[in-house]
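Structure record follows, encoded as structure tokens.
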Amino acid sequence: MLFFLDNLLLSFRCLGHAPTRVRGLLLLQLFFLTLVSLNVEAAVSSLSQSQNASLRVAAIDWTLVETLMSLGVVPVATAQIKDYQAWVVEPSLPEQVVDIGLRAQPNRELAASLNLDLILISPLYSAIEPTLSQIAPVQTLTTYNPEKDFWQNLVDTTRRVGELTNHSAEAEVVIEHHRSRIDQMKEKIAMDTPPLLVVQFIDDRHVRAYGKGSLYDMVIKQLGLQNAWKGETNMWGYTTVGIEELVTQGYLVIVDPVPMSAEGVFDDNRLWQALPAVRHDRVLSLPAVWSFGALPSAVRFADELYQALTEQHATEPGLRNL
Amino acid sequence: MISIHQRASPAYICLPLVIICVVITFNLLSHTLPGLSHGSFDFFVGLSAPEAKVMSTAVVQFSVLPRMTIALLVGAALGLAGVLMQQVLRNPIASPTTLGVASGAQLGLLLATLFAPGLLAFGSEWVALAGGAISLLIVLSLSWHRGLAPVAVVLAGLVVNLYIGALSTVLILFHQEEFRGLMIWAAGSLAQNSWSDTLHLLPRLVVAAIIAGLMVRPLGLLELDESGARSLGISVRKLRLLSLGLSVFITASAVSLVGIVGFVGLAAPVIVKLVGARTLAQRLLWAPVFGGLLLLTTDLFLLQYSAQLPSMVPTGAMTGLLGAPLLLWLIPRLSLKGTAPNTSKATLQLTSKPTSRMFLWLLVLLLVSSIVALFVTQSTGGWIFNGTGQWASIVNWRLPRVLAAAGAGVLLALAGTTIQRMTGNPMASPEVLGISSGTAIGLIVTIYFSSDVTVPLLVLAGSMSAVITLAVLILLNRRTGFQSERLLLTGIAITALFDPLRSIFLANGDPRIQQVIAWMSGSTYYVDFSTGLSALLLAVMVVALTPLVARWLDLLPLGRNVALGLGLSVDKVRLILLALVAILTAFATLIVGPLSFAGLLAPHVARMLGFSRALPHLVGSAMVGALLMISADWLGRQVLFPQEIPAGLVAALLGGAYFIWGLRRY
Chain A
1 MLFFLDNLLL SFRCLGHAPT RVRGLLLLQL FFLTLVSLNV EAAVSSLSQS QNASLRVAAI
61 DWTLVETLMS LGVVPVATAQ IKDYQAWVVE PSLPEQVVDI GLRAQPNREL AASLNLDLIL
121 ISPLYSAIEP TLSQIAPVQT LTTYNPEKDF WQNLVDTTRR VGELTNHSAE AEVVIEHHRS
181 RIDQMKEKIA MDTPPLLVVQ FIDDRHVRAY GKGSLYDMVI KQLGLQNAWK GETNMWGYTT
241 VGIEELVTQG YLVIVDPVPM SAEGVFDDNR LWQALPAVRH DRVLSLPAVW SFGALPSAVR
301 FADELYQALT EQHATEPGLR NL
Chain B
323 MISIHQRASP AYICLPLVII CVVITFNLLS HTLPGLSHGS FDFFVGLSAP EAKVMSTAVV
383 QFSVLPRMTI ALLVGAALGL AGVLMQQVLR NPIASPTTLG VASGAQLGLL LATLFAPGLL
443 AFGSEWVALA GGAISLLIVL SLSWHRGLAP VAVVLAGLVV NLYIGALSTV LILFHQEEFR
503 GLMIWAAGSL AQNSWSDTLH LLPRLVVAAI IAGLMVRPLG LLELDESGAR SLGISVRKLR
563 LLSLGLSVFI TASAVSLVGI VGFVGLAAPV IVKLVGARTL AQRLLWAPVF GGLLLLTTDL
623 FLLQYSAQLP SMVPTGAMTG LLGAPLLLWL IPRLSLKGTA PNTSKATLQL TSKPTSRMFL
683 WLLVLLLVSS IVALFVTQST GGWIFNGTGQ WASIVNWRLP RVLAAAGAGV LLALAGTTIQ
743 RMTGNPMASP EVLGISSGTA IGLIVTIYFS SDVTVPLLVL AGSMSAVITL AVLILLNRRT
803 GFQSERLLLT GIAITALFDP LRSIFLANGD PRIQQVIAWM SGSTYYVDFS TGLSALLLAV
863 MVVALTPLVA RWLDLLPLGR NVALGLGLSV DKVRLILLAL VAILTAFATL IVGPLSFAGL
923 LAPHVARMLG FSRALPHLVG SAMVGALLMI SADWLGRQVL FPQEIPAGLV AALLGGAYFI
983 WGLRRY
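This is the structure:
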């Protein structure tokens, strides 16, 4: 809940108003902000209604689902909705979206009964492309292509999804909106912010460190910051390491969810306490953001990160205020 | 002669390992602690010391040293457990992994994590202990009627391991993201960040070692025969129970901390025995020492070179990979006493009952199940019992799957019947020969190394690796004339390669996991109409050809000498049958994956229904196999609607349930 409030506070700030961090006024701001964000959404949805909105789309890949949602297109069906809600979280799916089972093996009979006009998949599921194309035209969208600029990949994906669903105008609005959010934040972030090491806890002994090729890394660089992880990474931009590898002079950024088994580490682990970031109180904790996401996830990660850094700077003397 | 033996001592192989460990450790530490090489290293550094120094000291103190200690302790624990198991069961290839104890413990923990996390707070090792003990009990009861003969026990262990593998695959398939951590643990990662694991395991290990030490004399008497031991006033049963319980407990303690560490428990006792630890007391001393050193050496090597690897290779999986070749090397050197095929009554019962009515019943059942599979389904609105107006969906989505499931079921059943009759071993199955696992290994490797996975590519890779596996089987068994025991052990060794590979892949949390698991768990999902039809046609064709091999399969169970006497050139016939089994299995594996139990189950059910002569047995089990797979495929599509459980997994779960139920009959 707190994160939600802080989030709104941040978007408030991004709209150009002067920040006032008085907790007592928070509720008032919340009310006001809700109105503002409702207006933005209303603008997008009125745009979509003006065009052909009757296209029935299903997306197997969550990255494409969040892209669709950001354009104001609610997919008719997607896979593993329960897991989507736990790992992607935002944008949340309305109830009428049909769950068609596993991502690797969506239920085709069910999909066929939904009168789909279009199915979107990622190359990860290319094995089911031939069989799905018997149901409706299938489009494979490559978001994770290490040879191209990552941000551009996300923009291209959004644009392509816009084209395919007759929402090109919205796509441009969304792309522009996300771009300006990033630019606004980049402008305000101190250039001398120390490097960031972004991790997700897997258990009490292992973490995933995100380096080159990951969504988090891309966002960090878009914000003009540095990624502290210089080690090898796999095709998806992360690697699995022990806690002892998390030595950085900058910030240690932990992205939720932290599994239950790992919670003990923060309290009484001597190795953890010896980490420079922990000793200097430079550990930032961020709510769950889908690590293989699209533009919305990228910007949400930027938001959360910016927010956490701002708070950190407020309490940390010696660093320039934002 | 004797003096040479006495001079040969396990110390000679332990010493080089110690030296290697010391060298690598020094190398590692001098990187972490630059002061070490000039002797200016102080171990206790206050938190006020310079930052870099605090960190590097903490890394050594709370990561490197505990990791090395836990490697020694886990290796020792598994070595000790292995010695006890091998001694009690008088079985040179018994070990926590081959008997399914480690994987049972693991499954217990997986289930507890998912469905009863409260139990874990109570003590994860007790959950692991329960799981390990249950699977050991199942293994022992499965091989009880064969007098716990080594190969029978290990084969039962493999079947239990495969079953547990199927169960955990279902869990992973549906909880991919939640299992990120568990997958690493499952693959046996020794990473440490405090001394708590060491402090946990050490006292348990010490107590276990003391108890084992107290039992040296009575356990040594077990090497004589049982009546001898009994006459000396030992309650053999209690002794066995106690030492098996002890070994399960040590295994469970180790597994609950660092996951499955493959094959140290098998290798340590065997190797120290080979290099001169002849008495039980010597083995009890040296196997833990050697086991600890073996694991530490492996771990240090991985630590040294892990930075160069883009993906994480957990130590436990690594020892598993090293263990499979060791097992292959060991097999020809084992003396397998008292395991002559114990031809069961049913095989010898040559006067077959009137089976035509049974055939009719099976045919009716097949028809009913096909109709149900084609016309009954769930939808968002509930059950639909009528297919009218849905012809498109029946022909497109259901018919290919029913055809493929039936075809694969028939092929596996025929392969299973052949291999069971050929080896005279009721626990033999195509899965056990390692051909399914070999095919799956090929698929995993292909998916890992290619970014664009297509169905034809997978089919190609799968068939290639099936052929390679068959070649390995033939090469390794040619000299011994395809003796059934050795054949099965070779299969076990090949299967043993599959598990660690799978673990490594899963531990890296690759987003392609679900794809791989879906493939491995054998779904008819990817089958189109022409594939399904050709699977069924192939199956029908093979059934039509069965009369050609029926005579061989009638004679082979009578034993090598009888068969030779009746004019059968046994070696050649075995080679032909083996190739046949391999081809059938490879085709079936490509359709329903490596884990289905159809090949194990169908021949049993067919025999229970009274088909005892080769020809009716083959045809009967083919029908049962088809029935099983069609029902499994249908159930898999309905149970968790709209999610689909792959048919191979459903068949494995049904088959496993049958075996546990069937235990009463043994």
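In the order they appear, the protein sequences are chains A and B. End of the first sequence = 322 in this note's numbering, gap-free, step of one. End of the second sequence = 988 in this note's numbering, gap-free, step of one. Glycine residues also receive a C-beta, built at the ideal position from the N, C-alpha and C atoms.
If you reduce the DSSP assignment to three classes, tell me which class residue i lands in.
| i | result |
| --- | --- |
| residue 926 of chain B | helix |
| residue 965 of chain B | coil |
| residue 281 of chain A | coil |
| residue 245 of chain A | helix |
| residue 699 of chain B | strand |
| residue 125 of chain A | helix |
| residue 97 of chain A | coil |
| residue 872 of chain B | helix |
| residue 637 of chain B | helix |
| residue 197 of chain A | strand |
| residue 223 of chain A | coil |
| residue 467 of chain B | coil |
| residue 206 of chain A | strand |
| residue 189 of chain A | coil |
| residue 59 of chain A | strand |
Listing by chain order, which chain B residues have their CB less than 8 Å from the CB of residue i?
| i | result |
| --- | --- |
| residue 134 of chain A | 718 |
| residue 323 of chain A | Past the edges of chain A, shown from 1 to 322, lies residue 323 of chain A, and the structure says nothing about it. |
Along chain B, which residues have their Cβ under 9 Å away from the Cβ of residue i?
| i | result |
| --- | --- |
| residue 220 of chain A | The premise fails here: residue 220 of chain A is roughly 21 Å from chain B at the closest Cβ pair, so nothing lies under 9 Å. |
For residue i, count neighbouring Cβ atoms within 10 angstroms of its own Cβ and tell me buried if that reaches 16, exposed if not.
| i | result |
| --- | --- |
| residue 979 of chain B | exposed |
| residue 886 of chain B | exposed |
| residue 496 of chain B | buried |
| residue 827 of chain B | buried |
| residue 332 of chain B | buried |
| residue 747 of chain B | buried |
| residue 305 of chain A | buried |
| residue 625 of chain B | buried |
| residue 288 of chain A | buried |
| residue 68 of chain A | buried |
| residue 898 of chain B | exposed |
| residue 22 of chain A | Since pLDDT at residue 22 of chain A reaches only 42, below the 50 mark, its modelled position is unreliable, and no value is offered. |
| residue 740 of chain B | buried |
| residue 683 of chain B | exposed |
| residue 440 of chain B | exposed |
Note down, in chain order, every chain B residue with its Cβ under 7 Å from the Cβ of residue i.
| i | result |
| --- | --- |
| residue 113 of chain A | 701 |
| residue 95 of chain A | Per Cβ cutoff of 7 Å: no residues; residue 95 of chain A is ~13 Å from chain B at best. |
| residue 247 of chain A | 377 |
Between residue i and the rest of its own chain, which residues show a CB-CB distance below 8 Å, the 5 nearest in sequence each way excluded?
| i | result |
| --- | --- |
| residue 230 of chain A | 211 |
| residue 428 of chain B | 450, 453, 486, 490, 508, 577, 581, 582 |
| residue 76 of chain A | 56, 57, 58, 97, 98, 114, 116 |
Among residues of its own chain, excluding the 5 on either side of residue i, which ones have a beta-carbon nearer than 6 Å to its beta-carbon?
| i | result |
| --- | --- |
| residue 405 of chain B | 591, 605, 606, 609 |
| residue 107 of chain A | 100, 101 |
| residue 877 of chain B | 885, 888, 890 |
| residue 394 of chain B | 614, 618 |
| residue 817 of chain B | 756, 759 |
Find the residues of chain A that neighbour residue i, judging by a C-beta separation of less than 8 Å, and give them in chain order.
| i | result |
| --- | --- |
| residue 840 of chain B | 102, 104, 105 |
| residue 513 of chain B | 205, 206, 242 |
| residue 715 of chain B | 109, 112, 113 |
Take residue i and list the residues in its own chain whose beta-carbon comes closer than 7 Å to its own, dropping the five residues that flank it on each side.
| i | result |
| --- | --- |
| residue 808 of chain B | 653, 799, 802 |
| residue 204 of chain A | 261, 262, 264, 265 |
Using a Cβ-Cβ cut-off of 9 Å, state whether residue i counts as contacting chain D.
| i | result |
| --- | --- |
| residue 302 of chain A | Included in the structure are the protein chains A and B, with no chain D among them. |
Run down chain A in chain order and give the residues with a C-beta less than 7 Å from the C-beta of residue i.
| i | result |
| --- | --- |
| residue 380 of chain B | 270, 271, 274 |
| residue 384 of chain B | 270, 271 |
Inspect the CB distances between the region 688-704 of chain B and the region 945-955 of chain B and report whether three or more fall short of 8 Å. yes
Taking contact to mean 3 or more Cβ pairs, one atom from each stretch, closer than 8 Å, check whether the region 219-239 of chain A and the region 257-272 of chain A are in contact. no
Would you call the region 906-917 of chain B and the region 925-933 of chain B touching, i.e. three or more CB-CB distances under 8 Å? no
Within 8 Å, do at least three Cβ pairs link the region 62-74 of chain A to the region 150-165 of chain A? yes
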